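Trainee: Just so we're aligned: 104 in our numbering is position 114 of the sequence shown, and the numbers increase by one with no gaps anywhere.
We put the CB at the ideal spot given by N, CA and C, even for glycine.
Quick caveat, the model's predicted, so the values are computed rather than measured.
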Amino acid sequence: MNRFLVWVSALMVLGMSHPAFAEDLPDLVGTWRGNYTGVHIGPPPHRTGEAGVNFGKELEFVLVIAEQHGRDFAGQLKVGEKTETLIGSIGPDNKGGIMLDNDGQYFFDIVDGNTIDNCYLHTTPNSKVTGCARMTR
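1) So what does DSSP say about Ser79, is it helix, strand or coil?
2) Just to confirm, are Trp22 and Thr126 a CB contact at a threshold of 8 angstroms?
3) Going by Cα to Cα distance, which pick from Ser117, Val43 and Asp102 is closest to Leu18?
4) If you run the structure through DSSP and keep just helix, strand and coil, what is Gly42?
5) For a quick check, are the C-beta atoms of Gly78 and Ile100 less than 8 angstroms apart?
6) Assign Ile88 to one of two classes, buried (16 or more other C-beta atoms within 10 Å of its C-beta) or exposed (fewer than that).
7) Are there 16 or more other CB atoms within 10 angstroms of the CB of Asn44, so buried, or fewer, so exposed?
8) According to DSSP, is Asp14 helix, strand or coil?
9) Give me the Cα-Cα distance between Thr75 and Tyr96, rounded to the nearest whole angstrom.
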């Protein structure tokens, strides 16, 4: 009986000290689509640049995550005719993370297995952009 209690205690300690076992790492590989609106100043990469603050029309973003190794992933972002390389990482809580494309960064929350809420920003000497979208796979 003592041997049994030792094993049970060891398994309980292992489970408490490694919460990653309790929560699976999200699999983000696939094609995600969402429509961004946003606001910008100056000529951003996907919109015309006019003086002052501009509220953009809706643009479809297509995110293709081609590979994922643990928390880290890579793929492409397509907006209209433009395609950019994209890299990203899932945060330690498995509930969101960050991504980078050629000129901007994204912060995302994982809503469920096929939905992410994604916000974008970039700032350059010529333009500033923010926008958010719900993306689905």
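Mentor: A quick look at the data gives this:
1) For the purposes of this step, residue 79 is taken as residue 89 along the sequence shown, with counting starting at 1. Three-state result, Ser79: strand.
2) Here the question's residue 22 lines up with position 32 in the sequence shown. Here the question's residue 126 lines up with position 136 in the sequence shown. Yes, these two residues count as a Cβ contact at 8 angstroms.
3) Within the sequence shown, residue 18 is the residue found at index 28, counting from 1. Restricting attention to Ser117, Val43 and Asp102, the CA atom closest to the CA of Leu18 is found in Asp102.
4) Counted from its first residue, the sequence shown places residue 42 at position 52. It is coil, neither helix nor strand.
5) Counting from one through the sequence shown, the residue named residue 78 turns up at place 88. Counting from one through the sequence shown, the residue named residue 100 turns up at place 110. Between Gly78 and Ile100, the CB-CB gap reaches or exceeds 8 angstroms.
6) By one-based count along the sequence shown, residue 88 stands at place 98. So Ile88 counts as exposed.
7) Taking the sequence shown and counting its residues from 1, the one referred to as residue 44 is at position 54. Asn44 is buried by the Cβ-count criterion.
8) On the sequence shown, residue 14 is found 24 positions in, with the first residue counted as 1. Asp14 falls in the coil class under three-state DSSP.
9) Against the sequence shown, residue 75 aligns to sequence position 85. Against the sequence shown, residue 96 aligns to sequence position 106. Distance between the alpha carbons of Thr75 and Tyr96: 13 angstroms.
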